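Residue numbers (our numbering): 3 to 181.
Have a look at the structure below, then the notes.
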Amino acid sequence: MALRIIPVSRRNGNYKKVCGTMTEAFPETERMPMWILGLLAKRKFIKFSAVLDDEDFCGVLYTVENKEYVFILYLAVSKEARSRGYGSQILKLIKKTANEKEIVLHVEYPDATAANASQRLRRMRFYEANGIVDTGYFFSEGNEKYAVLSNDGSDIDIESYKNLLRYVSFGLYTPKIGR
Numbered sequence: 003m004a005l006r007i008i009p010v011s012r013r014n015g016n017y018k019k020v021c022g023t024m025t026e027a028f029p030e031t032e033r034m035p036m037w038i039l040g041l042l043a044k045r046k047f048i049k050f051s052a053v054l055d056d057e058d059f060c061g062v063l064y065t066v067e068n069k070e071y072v073f074i075l076y077l078a079v080s081k082e083a084r085s086r087g088y089g090s091q092i093l094k095l096i097k098k099t100a101n102e103k104e105i106v107l108h109v110e111y112p113d114a115t116a117a118n119a120s121q122r123l124r125r126m127r128f129y130e131a132n133g134i135v136d137t138g139y140f141f142s143e144g145n146e147k148y149a150v151l152s153n154d155g156s157d158i159d160i161e162s163y164k165n166l167l168r169y170v171s172f173g174l175y176t177p178k179i180g181r
């Protein structure tokens, strides 16, 4: 496995695969339109990437960074490449390139009554197995609640983290984060 990350572009031949993976991996309510993701990725600290194993497309990665954090907005392995260790390898690659920065992300909050309860639990177990654990904070948007995970698991600087999330929206969005 020789993973590499390249910017998403309509010209590099992976754009349709990126779109397909995003559509099948994330519900519509959690997906930003592709044109907005592309536009935001023109900013200095935002990266919208296709993940390749040699020349074979295997996933999508969308990150936002500041001095303290690498926030993973989207990480998805293509349907054809799942269950072959790519998710874990992508996380290792992120950890390697993050240097001293803490890696943070949101996942749907575990809820035994949710229609996708088993998927939520599998996702939490996947991240825990890869050293990314629950911080005890949650992020809420509309009626949905998300657990805030990090590779450190300790207290995160909530104001710095909120600023990072505001950066994505040009300051137009104030996240609701609690404990």
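Just so it is clear, CB atoms sit at the ideal spot from N, CA and C, and this is done for glycine as well.
Bear in mind the structure is a predicted one, so any value in this text is a computation, not a measurement.
N-terminal and C-terminal residue of the beta strand (DSSP E) that residue i is part of
i: residue 66; result: 58-67
i: residue 175; result: From DSSP, residue 175 is part of no beta strand (DSSP E); its letter is neither H nor E.
i: residue 51; result: 48-55
i: residue 6; result: 5-9
i: residue 147; result: 146-152
i: residue 111; result: Run containing residue 111: none; DSSP gives neither H nor E here.
i: residue 157; result: Premise fails: residue 157 is in no beta strand (DSSP E) and is neither H nor E.
i: residue 83; result: Element bounds for residue 83: n/a, residue is neither H nor E.
Contacts around residue i, its chain only, beta-carbon distance under 8 Å, and the 5 residues preceding and following it disregarded
i: residue 64; result: 39, 43, 48, 49, 50, 51, 74, 75, 76, 77
i: residue 165; result: 68
i: residue 14; result: 8, 52
i: residue 112; result: 119, 122, 123, 126, 149
With 16 other Cβ atoms within 10 Å as the buried cut-off, status of residue i
i: residue 131; result: exposed
i: residue 24; result: buried
i: residue 110; result: buried
i: residue 172; result: exposed
i: residue 137; result: buried
i: residue 41; result: exposed
i: residue 145; result: exposed
Host alpha helix (DSSP H) of residue i (start-end)
i: residue 27; result: 17-27
i: residue 94; result: 88-100
i: residue 129; result: 119-131
i: residue 38; result: 36-42
Residue i CB to nearest heavy atom of the ligand GTP below 7 Å
i: residue 88; result: Only the bare structure without any ligand can be found here, which leaves the ligand GTP out of the picture.
Same chain only: Cβ atoms within 7 Å of residue i, ignoring 5 sequence neighbours per side
i: residue 19; result: 59, 80
i: residue 147; result: 111, 140
Inter-residue CB distance, residue i and residue j (contact presumed, cutoff 8 Å)
i: residue 71; j: residue 103; result: 6 Å
i: residue 178; j: residue 142; result: 5 Å
i: residue 66; j: residue 129; result: Their Cβ separation, rounded to whole angstroms, is 18 Å, which puts residue 66 and residue 129 out of contact at 8 Å.
i: residue 2; j: residue 36; result: This structure gives no information on residue 2, because the portion of the chain shown stretches from 3 to 181.
Contacting residues, own chain, Cβ-Cβ under 6 Å from residue i (five flanking each side not counted)
i: residue 106; result: 71, 73, 152
Practice task
Would you check if there are 3 or more beta carbon pairs closer than 8 Å linking the segment 5-14 to the segment 90-99?
Solution key: yes
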